[in-house]
Ligand SMILES: Cc1cc2nc3c(=O)[nH]c(=O)nc-3n(C[C@H](O)[C@H](O)[C@H](O)COP(=O)(O)OP(=O)(O)OC[C@H]3O[C@@H](n4cnc5c(N)ncnc54)[C@H](O)[C@@H]3O)c2cc1C
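Residue numbers (our numbering): 162 to 481.
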């Protein structure tokens, strides 16, 4: 036998893509494979002989012919099956390959993982970025946005690099982390964790009307949910995004959302401004009962689902 194939099989969920995922890191001869299965995490962690990484399958090739006594030297937590919460976050290196201005205070950062890492972040989950700022370790969460909505960047030729992360980040001039992120140059390095977060796609099964209420950067998880609902969730007849911002210039990806709504009648978007300038004819104000009653229709026989994301004050008020 010249090679071993390890296949991680996760049970299929009818109609809904699995929110389970596998992250593979092969760096400096160490193989770390973590498969998230619901709330559990299975890990292979080996100092191995030689291997090459494919998309879902991992092929470990022998350097020399003959019988293998073992797969390699087991490392910490090898062959363990633990609740995901019980595992420390693992960070791997990534490189900033492009940075595009989205609006006056928000940029789209494209991070490329090193060759040897394969990571898919399921819809609704986030990753952590970690760095050292003035001798202190700083860690902040960010939710990748949908790659298919990202306008093509002529300076970065390979737009289809599957493992690239696109993070849409609002920069706070007085913030701790984002001013540092904003000063990174193309080619600079950053540490990124694997996918995290409790969001599950299971409740979306059989949903017919999906309502997405987002404020500010709470838009980021919605970007992928919108694409998923239009492309993969066959039962959904209508997806509506209600996007709250202070002023018109704060709205992220407005033309992308408007284009999508123009192309697909199942998708609608409405913007609500709390501090509109003169001339704004759309909705105004903050989230309250009257706007929600107005927007969240429940037609007969519909199964509706509402996702809310934004600053704590916004989500608390909306849930109320
Ligand atoms: C699950 C999750 C996903 C996220 N995804 C994204 C995303 O995709 N994109 C995105 O841009 N953000 C996202 N965020 C927010 C992000 O993690 C950071 O909080 C944000 O980038 C600010 O980081 P910062 O360190 O630069 O600013 P911070 O230092 O946190 O400061 C932010 C602002 O709050 C003010 N502030 C700080 N502390 C206080 C205080 N005690 N009292 C009053 N004001 C204070 C600061 O002056 C500044 O204006 C997400 C957050 C979570 C929890």
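Beta carbons are placed, not taken as given, at the ideal position from N, Cα and C, and that holds for glycine.
According to the DSSP assignment, residue 463 belongs to no beta strand (DSSP E), since it is labelled neither H nor E. Its Cα nearest to that of residue 343, the residue 292 stands out among 430, 417, 292 and 281. Of the residues assessed, residue 333 falls on the exposed side of the cut-off, its CB having fewer than 16 other CB atoms within 10 angstroms.
Near ligand 1, residues with a Cβ at less than 5 Å from any of the ligand's heavy atoms are 287, 301, 302, 303, 304, 330, 331, 333, 335, 336, 337, 338, 339, 378 and 381; the list follows chain order. Your pair residue 354 and residue 288 checks out as a contact, with CB atoms roughly 5 Å apart and the cut at 8 Å. With a contact defined as Cβ atoms closer than 8 Å, residue 329 and residue 269 qualify at about 5 Å. Counted as a single uninterrupted DSSP element, the beta strand (DSSP E) harbouring residue 253 occupies residues 252-262. In the DSSP assignment, residue 294 is bridged to 297.
Given a length threshold of 4 residues, each whole run of the alpha helix (DSSP H) inside the region 373-443 is given here in chain order: 380-392 and 415-424. Under the three-state reduction of DSSP, residue 233 is assigned to strand. Excluding five sequence positions before and after residue 385, the CB atoms of its chain that fall closer than 6 Å to its own CB belong to 284 and 307, given in chain order. Fewer than three pairs of CB atoms, one per stretch, sit closer than 8 Å, so the region 452-461 makes no contact with the region 337-351. Per DSSP, the continuous alpha helix (DSSP H) segment holding residue 453 begins and ends at 450-456.
Of 452, 310 and 336, the smallest CA-CA separation from residue 416 is found for 310.
Secondary structure note for residue 340: its alpha helix (DSSP H) is the uninterrupted segment 339-344. As a beta-bridge residue in DSSP terms, residue 185 pairs with 194 and 279. Less than 8 Å separates the beta-carbon of residue 273 from that of residue 325.
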